[in-house]
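For the sequence shown, the working numbering assigns the number 61 to the initial residue and increments by one for each residue that follows. The beta-carbon is built from N, C-alpha and C at its ideal position, and this holds for glycine as well.
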Amino acid sequence: MAREEITAIVKGLEAWAADRTSPPGFSVVTAEDQLVLLRDHLGVDDFATLVPDHLHDLLLGVYPEELDADEPDEVDDVVPTLRQVLEFLSETGRIQPSALPNLRKTVDVIEPLFLGEMSESEEMGPPPAFVQAMIADGVDVSDETEVGRWVEEHLGQVPPGSFDGIFDLDDAEDADLFDDDLLSGIDAKELLGLPDQVPPMRLPSEAELAEAARESALIEKAKRLALWAGEHATLNESGDLIPADSVAAARELGLAVPPGEIREMTDLPELWHLWVLAEELDFLDLTDDPVIVGAAVQDWPGDPDDEVID
């Protein structure tokens, strides 16, 4: 693609943008730079051949080498301008309209990665836009397993390696994934679609809360588990039920026992959660073996409301 052709495209883009409201950050100078980089670094001589791989390499390969991260205005211009360039190329027939949605999606996915790559600080962790995208998809960002699953799902939307060096799940501390300030840059009201004002909400009374606790099927199962354990349980070195007793306890409580060998209590997660709950409620005393049924079992659910809630 000759320089004259790029100049003609830029002039057309400038006239096209003048007829509409351009988004913040759009820059004709940046647009020209992008066209040149696509040609010189990525070999795009015909924009009809533009594919998501080119955008990935431009934002995460070329720009980090070519752009000065100390110039935040230049960094902020890149993605808004690229979006407008794609729209213009599509409307003028230089790329197929059918290719545009996939190119847009690629830019959306890579944007937070690009901003993270261009950040001066290696301690910032995943940028807020990245975290906000996870939350919008219903991901619990405090759960490393869920986060990992989300990342794996999105690796299929951009070429492999897009997340390399940006988000290291093998070292959550370095990635600052679970830092207390992780959500500080996210507008929760906007994310959740909340109005500026919400109507008043009636909170349940202390008596209602206590009654709900007394009727809790979960607490009742934890009590039954404690009573069963006091008569039958043998503990391992970790203070958990041995495998045979884990299976027996689960069946006693009507919990599902998956096929195959049960090696430890945590292989039965529902039972494990009840075991932890029973200990937290002082239904169990695990300081010694055999298990001692806690005094709270006898008192439950007859305690005063304030003690039930506590």
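Check your understanding: When the Cα atoms are used, what is the spatial distance from residue 87 to residue 143?
Key -> Approximately 11 Å between the Cα atoms of the pair.
Tell me where the alpha helix (DSSP H) around residue 90 begins and ends.
88-100
Can you look up residue 301 in the DSSP assignment and give me helix, strand or coil? strand
- Item | Proximity of residue 369 and residue 301 at Cβ, strictly below 8 Å | Result no, Cβ atoms of residue 369 and residue 301 do not sit closer than 8 Å.
Requested in this report: Find out if the Cβ-Cβ distance for the pair residue 80, residue 108 is shorter than 8 Å.
Outcome: In this structure, residue 80 keeps its C-beta atom at 8 Å or more from the C-beta atom of residue 108.
Exercise for review: Just tell me which of 346, 178, 73 and 118 has its CA closest to the CA of residue 149.
Suggested key: 73
Proximity of residue 331 and residue 356 at Cβ, strictly below 8 Å: no
Once the 5 residues before and after residue 334 are set aside, which same chain residues still bring their CB inside 6 Å of it? 281, 282 and 285
**Message:** Let me check understanding here. Comparing Cα to Cα, which of 366, 140, 113 and 62 lies closest to residue 82?
**Reply:** 140
(message) Let's test the definition: count the other Cβ atoms within 10 Å of the Cβ of residue 263 and tell me whether it reaches 16, buried, or not, exposed.
(response) exposed
* To do: Mind checking who residue 155 pairs with in its DSSP beta bridge?
  => In the DSSP secondary-structure assignment, residue 155 is not bridged to any residue.
(Q) Please state the DSSP three-state secondary structure of residue 352. (A) In the structure shown, residue 352 sits in a strand (DSSP, three-state: E or B).
Short Cβ contact (8 Å threshold) for residue 322 with residue 336: Taking 8 Å as the cut-off, the Cβ atoms of residue 322 and residue 336 do not count as close.
Inset, instruction - Starting from the C-beta of residue 124, find all residues in its chain whose C-beta is less than 6 Å away, skip the five residues before and the five after it, and write them out in chain order. - result: 177
### Task
May I ask you to list the residues that DSSP assigns as paired with residue 344?
353
| query | Of the choices 171, 134, 273 and 99, whose alpha-carbon is the least far from that of residue 363? | reply | 273
Q: From the DSSP output, read off the bridge partner residues of residue 59.
A: Nothing in the structure corresponds to residue 59, since the chain is present only between 61 and 370.
If you count every other CB in all the chains shown that lies within 10 Å of the CB of residue 261, and 16 or more means buried, which is it? exposed
- Query: Taking just the CA atoms, how far does residue 136 sit from residue 271?
  - Reply: Within the model, the alpha-carbon separation for residue 271 versus residue 136 is close to 55 Å.
query: Between residue 200 and residue 329, what straight-line distance do the alpha-carbon atoms span, to the nearest angstrom?
result: Just so you know, the alpha carbons of residue 200 and residue 329 end up roughly 19 Å apart.
- Query: With a CB to CB cut of under 6 Å and the five nearest residues on each side skipped, what residues in its chain are close to residue 98?
  - Reply: Only 104 meet the Cβ criterion.
Original post:
residue 165: which of 112, 122 and 205 sits nearest, CA to CA?
Top reply: Minimum Cα distance to residue 165 is reached at 112.
Using the Cβ count rule (16 or more neighbours within 10 Å means buried), how would you classify residue 256?
Label assigned to residue 256: exposed.
Taking residue 343 as the reference, which of 278, 304 and 319 has the closest Cα? Nearest C-alpha to residue 343: 278.
| said: Within the continuous alpha helix (DSSP H) that includes residue 174, where are the two ends? | reply: In this chain, the alpha helix (DSSP H) harbouring residue 174 covers 160-178.
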